[in-house]
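Quick note: the sequence shown uses full-length UniProt numbering, first residue 1, plus one each step. Built from N, CA and C at the ideal position, the CB exists for glycine as well. A quick note: this is a predicted structure, and the numbers were derived from the prediction, not measured. Structure first, commentary second.
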Amino acid sequence: MITSRFTYIIFVFLFLRPLWAQLSPGDLHRSHAELEGIANCTRCHERGKKLSSAKCLDCHQLLAARMRDGKGLHARPEYKQCADCHVEHLGRDYDLIYWKGGKKGFDHSLTGYKLEGKHASLDCRDCHRSDHIADAKSFQKYKKDLKRTFLGLDRQCLSCHHDEHRGQLKADCLSCHTMSAWKPADKFDHDKTRFPLTGLHKTTNCAKCHPRQKDNKFKNDDSFLTFSKRKFSRCSDCHSDVHRGRFGKNCRSCHNTGGWHKGALAGFDHNKTDYPLSGKHRQLVCSDCHTRGQPLRIARFQRCTDCHRDYHLGRFAHRPQKGACEECHTVEGFSPANFTLDQHQKTKYPLKGAHQAVPCIFCHKKVQLKNGRPANRFYFPSFRCTVCHKDPHRGEVDAILKQTAAGGGQSGCANCHNVDSWSQIGFDHSRTGFPLQGRHSEIGCKSCHQAAGTRQISFHRLEKDCASCHKDTHAGQ
1 MITSRFTYII FVFLFLRPLW AQLSPGDLHR SHAELEGIAN CTRCHERGKK LSSAKCLDCH
61 QLLAARMRDG KGLHARPEYK QCADCHVEHL GRDYDLIYWK GGKKGFDHSL TGYKLEGKHA
121 SLDCRDCHRS DHIADAKSFQ KYKKDLKRTF LGLDRQCLSC HHDEHRGQLK ADCLSCHTMS
181 AWKPADKFDH DKTRFPLTGL HKTTNCAKCH PRQKDNKFKN DDSFLTFSKR KFSRCSDCHS
241 DVHRGRFGKN CRSCHNTGGW HKGALAGFDH NKTDYPLSGK HRQLVCSDCH TRGQPLRIAR
301 FQRCTDCHRD YHLGRFAHRP QKGACEECHT VEGFSPANFT LDQHQKTKYP LKGAHQAVPC
361 IFCHKKVQLK NGRPANRFYF PSFRCTVCHK DPHRGEVDAI LKQTAAGGGQ SGCANCHNVD
421 SWSQIGFDHS RTGFPLQGRH SEIGCKSCHQ AAGTRQISFH RLEKDCASCH KDTHAGQ
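Written out as structure tokens, the structure is:
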């Protein structure tokens, strides 16, 4: 009896198992577990047909609404059949989505949102997160698992990204930034703002004009650049007034954004002041005359020495012009001087002969003064030739010159030489113990007074006999 019952049970089990498989091919996914059982088949399937997409949308109403509006992937004709991508009866934890070509090969542009720049390298769940869903309450109403769905994201940048600007700027991030990188803001054009950048403003770092403001509301971003409520109508809104209001408030009347000093020279007309600039004064920068820490208005500027030191240290103060620089110099340059030959002829040493062709600095050389400062020499203790010229005779003719002076003749070098030319000798040889006669009177000094093989001239110890200078043509006969 027991054997018959056992045999019956085995027969029923073996017979009904294939039949049950025809009725239920496997467990449903846990999200569809409530639909388990033969009584619920028609909630998803049409009688005698496969899965009905229409029945799917009876439950998935959020998705149905998107499809009616023509939005997203499911609105495309090739994706309207749910069974093409979603499979069931494969177990409670089996992935409901079948990715044709694999998840990484999915063409995101089919959703209507093409992944570009850094978005293209992100994992799906980097963006499809529960905290990024725009209307989470609607999904929760339909008991959707926010951690598993790929729906609900907004295309606005701020739906996923933190607002770095804290609402100061419009929400259209792509008007300034790209998806390739946050910095730099390649699409931002400052020229389209109320303050177009010019000159040095173009190379200024943003934070110099838009300082950072503290914000402790965000853990990983505790400061932000200020863009709103910035004053910019006047230069002094950003720059301090180095003139302390002495030139008014319109900086642009003298300066421009090309550079502080460059603009001042270009914009400010110094000719409208009591001291018009001319000559080399026009090449100076303002601070050369208007030094920091000193009053802007220069009290004295009538004389050159009000600004410039007296290069000649008062040595011309005895002149009628009291040493005024303008007597010799101009603002075109200190050198060359305008002191003319005619003016020099009125000094204590009028120029004559070759002296008239000599440049000033050949006589007025730099010397070290008693105070240690170098200066050109304009004061001479005497006008003797040896004050400027070396004695080429090394004192050999001093005795002769003294004798000549004692006898009423000219003193010094002028006894033999003149200022027209050094080589024009006017010495009277008859005053010596050897008057020149005959051919001797026609030859130059060097012929007798120059040592053989040298350039040295000597006037001492010359013998008076012929043989001391001439060869004996008679060979001692």
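**Message:** Quick check on DSSP: helix, strand or coil for Cys469?
**Reply:** It is coil, neither helix nor strand.
**Asked** Going by alpha carbons, who is nearest to His344 out of Ser335, Asp306, Val358?
**Response** Selected option, being the one with the closest Cα: Val358.
**Prompt:** Could you give the uninterrupted runs of the alpha helix (DSSP H) lying entirely in the region 27-73, keeping only those of 4 residues or more?
**Reply:** Fully enclosed alpha helix (DSSP H) runs of no fewer than 4 residues occupy 53-59, 61-68 of the region 27-73, in order along the chain.
**Item:** Of the residues Ser233, Lys208, Lys231, Arg234, the one placed nearest Phe224, counting alpha carbons only
**Value:** Residue Lys208 is the option with its Cα nearest to Phe224.
**Asked** Quick one: what's got a C-beta closer than 6 Å to Phe427's C-beta in the same chain, skipping five residues either side?
**Response** The beta carbon of Phe427 sits closer than 6 Å to the beta carbons of Cys416 from its chain, once the five residues preceding and following it are set aside; these are given in chain order.
**Request:** Excluding the 5 residues preceding and the 5 following Lys231 in the sequence, name in chain order all residues of the same chain whose CB lies nearer than 6 Å to its CB.
**Result:** For Lys231, where only same-chain residues beyond five positions count, the Cβ hits under 6 Å are Asp237.
**Prompt:** Which stretch, first to last residue, makes up the alpha helix (DSSP H) that contains Ser138?
**Reply:** Under the DSSP assignment, Ser138 falls in the alpha helix (DSSP H) whose first and last residues are 136-141.
**Prompt:** Can you tell me whether Val397 is buried or exposed, with buried defined as 16 or more other CB within 10 angstroms of its CB?
**Reply:** The C-beta of Val397 has 16 or more other C-beta atoms within 10 Å across all chains shown, which makes the residue buried.
**Message:** On the criterion of 16 or more Cβ atoms from any shown chain inside 10 Å, does Lys144 qualify as buried, or is it exposed?
**Reply:** Buried is the call here.
**Request:** Quick one: grab the DSSP three-state call for Thr340.
**Result:** Coil at Thr340, not helix or strand.
**Request:** Quick one: grab the DSSP three-state call for Thr386.
**Result:** Three-state DSSP puts Thr386 in a helix.
**Request:** With a floor of 4 residues, list each alpha helix (DSSP H) that falls wholly inside the region 199-262, ordered by position along the chain.
**Result:** Those alpha helix (DSSP H) runs which fall completely within the region 199-262 and span 4+ residues are 206-209.
**Prompt:** Would you call Leu63 buried or exposed, if buried means 16 or more other Cβ atoms sit within 10 Å of its Cβ?
**Reply:** Leu63 counts as buried, since at least 16 other C-beta atoms from the protein chains shown sit within 10 angstroms of its C-beta.
**Message:** For a test of the three-state rule: what should DSSP assign to Gly375, helix, strand or coil?
**Reply:** As written in the sequence, residue 375 is Ala, which differs from the Gly given in the question. DSSP places Ala375 in strand when its eight states are reduced to three.
**Message:** Following a CB-centred definition, is Ser447 positioned closer than 6 Å to any heavy atom of the ligand FMN?
**Reply:** This structure lacks the ligand FMN; in fact it carries no ligand of any kind.
**Rounded C-alpha distance that separates His449 from Leu351** = Looking at the two C-alpha atoms, the distance is approximately 31 Å.
**Message:** What residue range does the beta strand (DSSP E) around Lys446 cover?
**Reply:** In the DSSP assignment, Lys446 falls outside any beta strand (DSSP E) and within the unbroken alpha helix (DSSP H) covering 446-449.
**Message:** Quick check on Gln81: does DSSP put it in helix, strand or coil?
**Reply:** Coil, per DSSP.
**Prompt:** With DSSP run on the structure shown, which of helix, strand or coil describes Asp428?
**Reply:** The three-state secondary structure of Asp428, taken from DSSP, is coil.
**Message:** Residues in the same chain with beta-carbon distance under 8 Å from Arg212, minus the five sequence neighbours each way, listed in chain order, please.
**Reply:** Answer for Arg212: Ser223, Phe224, Leu225, Thr226, listed in chain order.
**Message:** Judging by CA-CA distance, which residue of Asp123, Gly91, Tyr113 is the nearest neighbour of Lys104?
**Reply:** The shortest C-alpha separation from Lys104 is found at Asp123.
**Pair within 7 Å by beta-carbon distance, Phe378 and Arg315** = It is a contact, given that the beta carbons lie within the stated cut-off.
**Message:** Assess contact between the region 38-55 and the region 130-137, defined as three or more Cβ pairs (one per stretch) separated by less than 8 Å. Is contact present?
**Reply:** The region 38-55 vs the region 130-137: no contact.
**Prompt:** For the alpha helix (DSSP H) that contains Phe362, what are its first and last residues?
**Reply:** That run of the alpha helix (DSSP H) goes 360-363.
**Asked** When DSSP labels each residue in this structure, what does Thr330 get in the three-state scheme?
**Response** The answer is strand: DSSP assigns Thr330 an E or B state.
**Request:** With DSSP collapsed to three states, give me the class of Gln437.
**Result:** Coil.
**Request:** With a cut-off of 8 Å on the beta carbons, I'd call Arg246 and Leu296 a contact; round off their distance for me.
**Result:** 6 Å between Cβ atoms; contact.
**Message:** Please return the same chain residues whose Cβ sits closer than 8 Å to the Cβ of Gln424, not counting the five positions on each side in sequence.
**Reply:** The beta carbon of Gln424 sits closer than 8 Å to the beta carbons of His417, Asn418 from its chain, once the five residues preceding and following it are set aside; these are given in chain order.
**Message:** On the CB-based measure, 16 or more other CB atoms within 10 Å of its CB, does Cys41 come out buried or exposed?
**Reply:** Flag for Cys41 reads exposed.
**Item:** DSSP bridge partner residues for His86 (one or two, in chain order)
**Value:** Answer by DSSP bridge pairing, in chain order: Ile97.
**Request:** Taking 7 Å as the cut-off, decide whether the C-beta atoms of Leu153 and Leu110 are in contact.
**Result:** Contact annotation: Leu153 and Leu110 have beta-carbon atoms that are not nearer than 7 Å.
**Request:** Could you spell out where the beta strand (DSSP E) holding Lys366 opens and where it closes?
**Result:** Per DSSP, Lys366 belongs to the beta strand (DSSP E) from 366-368.
**Item:** Extent of the continuous alpha helix (DSSP H) to which Arg125 belongs
**Value:** Note, Arg125: alpha helix (DSSP H), 124-127.
**Message:** So, does the region 430-440 touch the region 362-373, judging by three or more C-beta pairs under 8 Å?
**Reply:** Under the three-pair Cβ rule at 8 Å, the region 430-440 does not count as touching the region 362-373.
**Request:** Let me know if Cys307 comes out buried or exposed under the rule of 16 or more other beta-carbons within 10 Å of its beta-carbon.
**Result:** Exposed, by the Cβ-count rule.
**Asked** In the structure shown, what three-state DSSP assignment does Lys144 receive?
**Response** Residue state, collapsed to three classes: coil.
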